Structure formats: structure tokens, C-alpha cells
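Novice: Residue numbers (the working numbering): 339 to 407.
1) Please state the DSSP three-state secondary structure of residue 386.
2) Can you give me the C-alpha to C-alpha distance between residue 376 and residue 403, rounded to a whole angstrom?
3) Cα separation between residue 397 and residue 385?
4) According to DSSP, is residue 403 part of a helix, a strand, or is it coil?
5) Where residue 343 and residue 369 are concerned, what is the direct C-alpha to C-alpha distance, given to the nearest angstrom?
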């Protein structure tokens, strides 16, 4: 069985992308601007903030539930 090249772009996909780009150009929809946000700000920081909020929330409700003295 021959190996498939998973990184090769399918010509049908390229054709569909070109048609979609043409439709966007005709409708006057601009191409999306690339973001300048780093991986730290986009992924790591929200994960840390969410973790801190979860820990604080659990700690706040642990007393009334009798989980610590």
C-alpha cells in the first residue's frame, strides 16, 4: 500500500479556496488581518487566569461545605 502524503494540498481544495476568495473579493470582504498576539497572550495567559479563578472559587466555597476547619 503506497504511503499518502498528508501535507500535499488537494487540487480540489485549492480550487474551492480560489472560488471562495473570488466571491469575497466580489462582495468587498477584506482578507482577515493576521493577529499580532503571541502564544503567551492567546493561550497561556487565559489558562493561568482560569486556573487561578477556579482555585479561588473552590477555596471560597470549601469553607461553607465543611471541607476544611
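For each residue, glycine too, the CB sits at the ideal point set by N, CA and C. Model, not experiment: these values are computed from the prediction.
Specialist: On the basis of the supplied data:
1) helix
2) 40 Å
3) The alpha-carbon atoms of residue 397 and residue 385 are separated by roughly 18 Å.
4) coil
5) 29 Å
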